[in-house]
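Peer 1: Questions regarding the structure given below will be posed in turn.
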Amino acid sequence: MAAGTRYAGKVVIVTGGGRGIGAGIARAFLDSGAQVVICDKDVSGGQALEQQLPGAVFIPCDVTQEEDVKTLISETILRFGHLDCVVNNAGYHPPPQWLEETSAQGFRQLLELNLLGTYTVTKLALPHLRKTQGNVINISSLVGAIGQSQAVPYVATKYLPRKHLDPIVGTVGSLNTRPQGHNPGGHLGP
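If you're matching positions, the sequence shown starts at 31 in the working numbering and goes up one per residue.
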């Protein structure tokens, strides 16, 4: 049984929920009574966490693939009947590189995951979140606000969700959806 009831009956999707910050977020929502859908492209890690966390459901999903995200949202609605919160946590921080050492292809891949993944999940979840007066929580990064040497592409991908996606979601606030952003500092996950 959950230790808290603040989120009893609420359904929460956590992207990148298979380990690290995402797994911690999933645990916190479960401890508060929520029904949690863990989304991750790492199937073995997601399934292992599902076994460790009674009440959690794992749905494999690569947030860079729109069809995967459509399946994630539809399976969540099919299983639980509604959606109350999306935590856009999926992301990647590449090893340090000077700008001239980076590639356009690497930057594109980072944009696909850190920015377009957040956009796609939010876009597809919004119709369901409006029905429940739900919210979107974008996990960005402190470096999106203050910068970081040897991480120009990463900083750009974390600046944009922080500065632009939260207000865009907020423009539909009259349609009962609340945006929130959180900017954690460094984290060494498993």
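Just so you know, even glycine gets a beta-carbon here, dropped at the ideal spot from N, CA and C.
All values derive from a computational prediction rather than experimental measurement.
1. From this set, 114, 151 and 51, which residue's C-alpha is nearest residue 97's C-alpha?
2. In the DSSP assignment, find the alpha helix (DSSP H) that holds residue 157 and state where it starts and stops.
3. For residue 142, which residues of its own chain have a beta-carbon under 7 Å away from its beta-carbon, when the five flanking residues on both sides are left out?
4. For residue 144, does the three-state DSSP call read helix, strand or coil?
5. Please say whether residue 59 and residue 42 have beta carbons closer to each other than 8 Å?
6. Can you tell me whether residue 93 is helix, strand or coil according to DSSP?
7. Are residue 44 and residue 55 closer than 8 Å when you measure CB to CB?
8. When every heavy atom of the ligand GTP is checked, does at least one fall within less than 7 Å of the C-beta of residue 63?
9. Contact check, residue 134 vs residue 46 under 8 Å by CB: the rounded distance?
10. Excluding the five sequence neighbours on either side, which residues of its own chain have a C-beta within less than 6 Å of the C-beta of residue 71, listed in chain order?
Peer 2: To lay it out plainly:
1. 151
2. 147-162
3. 94
4. helix
5. yes
6. coil
7. yes
8. Although the ligand GTP was asked about, the structure shown includes no ligands whatsoever.
9. Wrong, their Cβ atoms sit about 24 Å apart, outside the cutoff.
10. 92
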